[in-house]
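At position 171 of the sequence shown the residue is numbered 171 (my numbering), and the sequence of numbers has no breaks.
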Amino acid sequence: MVVCSKPALDRFSLINDCKPSTIVSGIPVIDLSKPDAKTLIVKACEEFGFFKVINHGVPMDFISKLESQVVKFFSLPESEKEKAGPANPFGYGNKKIGSNGDIGWIEYILLKSNPEFISQKSLSIFRENPELFGSAVNGYISAVKMMTSQILELLADGLGIEQRNVFSKLLMKEDSDCLFRINHYPPCPDVQTSSRPNMIGFGEHTDPQIISVLHSNNASGLEIYLRDGSWIPVPPDQRSFFVNVGDSLQVMTNGRFKSVKHRVLANGAKSRISMIYFGGPPSNAKIAPLSSLMKGGEKSLYKQFTWCEYKTAAYKTRLADNRLQHFEKN
Ligand SMILES: C=C1C[C@]23C[C@@]1(O)CC[C@H]2[C@@]12CC[C@H](O)[C@@](C)(C(=O)O1)[C@H]2[C@@H]3C(=O)O
Ligand SMILES: O=C(O)CCC(=O)C(=O)O
Ligand SMILES: [Fe+2]
1 MVVCSKPALD RFSLINDCKP STIVSGIPVI DLSKPDAKTL IVKACEEFGF FKVINHGVPM
61 DFISKLESQV VKFFSLPESE KEKAGPANPF GYGNKKIGSN GDIGWIEYIL LKSNPEFISQ
121 KSLSIFRENP ELFGSAVNGY ISAVKMMTSQ ILELLADGLG IEQRNVFSKL LMKEDSDCLF
181 RINHYPPCPD VQTSSRPNMI GFGEHTDPQI ISVLHSNNAS GLEIYLRDGS WIPVPPDQRS
241 FFVNVGDSLQ VMTNGRFKSV KHRVLANGAK SRISMIYFGG PPSNAKIAPL SSLMKGGEKS
301 LYKQFTWCEY KTAAYKTRLA DNRLQHFEKN
C-alpha cells in the first residue's frame with residue numbers, strides 16, 4: 001500500500017479545513033433554493049456566462065470523499081501516476097493540454113463521465129483501491145449531473161421555453177458525450193519568488209460543451225474574462241459550484257448567452273484541485289439556435305452543425321483559439 005506522507009498531504013487544502021470565502025467578488029451568486037433562481041440564472045448567463053451556485057443539493061460528503069481520493073492519487077510518485085497516462089484521449093496527463101502544443105503548470109485526469117468507463121479506467125488510475133476511487137467518482141458525477149440538469153431546466157424556464165428539458169435532455173441521454181476532468185495545480189516556485197508572477201496553470205479558453213460545472217478546493221487561480229476586457233479573479237469557495245456557459249449553449253441561444261473565456265493562474269503557495277463536469281450532447285445531436293428563442297425576424301448567427309463535427313474541429317485548435325468562428329454565418 002502506498003502511504004501518503006503527512007507533508008505531502010499538508011500541501012493540499014482539503015474541503016473541511018477552511019471557512020467559505022467572504023470576499024465580495026462581483027460574480028453572480030445563484031441560490032438554487034430560491035424562487036427567483038431562474039430569472040437570475042438567465043441574467044448571469046447573459047451578462048457573464050458564469051455564476052456561482054449555492055444551496056446546490058450536492059452532499060458535501062460526496063465532494064470530500066472524492067477529494068481525498070484525488071489528493072492520494074496526486075501524491076503518488078510520478079512513475080506511478082504515469083501508469084495511468086497518457087491522457088490521449090483519457091487518463092493521466094502532465095503539463096501538456098490537448099494535442100496541439102498547449103502546456104500549463106498542471107497535472108490532471110481526463111475521463112468520460114459514464115459509470116462503466118470510470119469503473120474500468122479506475123483499475124489503471126488508482127491501483128491501490130480502484131473500487132473506492134471508482135465509486136467516489138461515480139457518486140460525485142451522478143449528484144453533479146442531477147444539479148446540472150436542474151440548472152438547465154431553470155434556464156429553459158427562465159428563457160420562457162415551453163419544453164423545460166430542451167437543454168437537459170441532451171446531457172441525460174445514454175450516449176451523451178459528457179466528460180469529467182480533475183486538475184491539480186501544484187504550488188509554483190517561480191510565482192513564489194516572483195520570477196514569473198503570472199505563470200499559467202491552464203491557458204485562456206472557452207469550453208466547447210453546453211455547460212461546465214466546477215468545484216475547487218480553497219486555492220485561488222481561476223479568472224474569468226469580462227466584456228470590458230478585464231480579467232477578474234474568482235475567489236474559491238469549496239461549499240459552492242461554479243458554472244460556465246459553453247460554446248454550444250452560446251449557439252443554441254443565438255449568442256444571447258456568451259461562452260465565458262477563463263484561465264487559471266498558478267498559485268505560489270497552495271495546491272489547487274479542481275473537478276469539472278462538462279455537459280456535452282450525443283455525437284449526432286444537431287446544434288443550432290433554438291427557433292423558440294428567435295424573436296420575429298431574428299437571423300441565425302450560426303450554421304447548424306453536429307456535436308461530432310464541432311468537437312472534431314475544436315480538438316484541432318489551440319486553447320486560446322476562437323472555435324466558433326468557422327461556424328458563424330457571414
Ligand atoms: C487544446 C485543447 C485542449 C482541449 C481540446 C483543445 O484542442 C481545445 C479545447 C480544449 C478543452 C477545454 C475544455 C476542457 O478542459 C476540454 C477537455 C475540452 O473539452 O475542450 C479541453 C480539451 C482537452 O484538454 O483535451
Ligand atoms: O481548473 C480550473 O479551475 C479550470 C479548468 C478548466 O477551465 C478546464 O479544465 O477546462
Ligand atoms: Fe475550461
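By construction, the Cβ of each residue, glycine as well, lies at the ideal position given by its N, Cα and C atoms.
Buried versus exposed call for residue i [16 or more other C-beta atoms within 10 Å across all chains shown]
i	result
S33	exposed
E332	Since the displayed the chain opens at 1 and closes at 330, residue 332 lies outside it and no answer follows.
P35	exposed
M275	buried
E67	buried
W307	buried
A269	exposed
T331	The requested residue 331 does not occur in the structure, where the chain is confined to residues 1 to 330.
T206	buried
Q304	exposed
S99	exposed
A320	exposed
P208	buried
Y315	exposed
Q163	exposed
Q325	exposed
D228	exposed
Residues bridged to residue i (per DSSP)
i	result
L110	G91 and R181
P102	Strictly speaking, residue 102 in this sequence is Asp, with Pro absent from that position. BP columns for D102 point to I97.
N330	According to DSSP, which records beta bridges pairwise, N330 is partnered with nothing at all.
N54	Reading off the sequence, residue 54 comes out as Ile, not Asn. Paired residues: D31.
N138	N138 is not bridged to any residue.
N244	F50 and S212
Meets three-Cβ-pair contact criterion under 8 Å: the region 160-179 and the region 233-243: no
Segments assigned beta strand (DSSP E), at least 3 residues, entirely inside the region 162-236: 179-185, 200-205, 211-216, 222-225 and 231-233
Cβ contact check for the region 71-91 and the region 116-131: 3 or more pairs under 8 Å: yes
Ligand 2 site residues, beta-carbon cut 6 Å against heavy atoms: R181, N183, F202, D207, L214, S216, L222, H262, V264, S274 and I276
Residue ranges of each beta strand (DSSP E) within the region 26-50, 3 or longer: 29-31
Stretch-stretch touch, CB-based, cutoff 8 Å, three pairs: the region 143-159 with the region 45-61: yes
Inside the region 258-323 only - alpha helix (DSSP H) runs reaching at least 4 residues: 307-314
Inter-stretch contact at 8 Å, needing at least 3 Cβ pairs: the region 257-267 / the region 223-237: yes
Cβ pair count under 8 Å reaching 3, the region 130-147 against the region 37-50: no
Segment contact flag, the region 191-205 with the region 293-304, C-beta cutoff 8 Å, min 3 pairs: no
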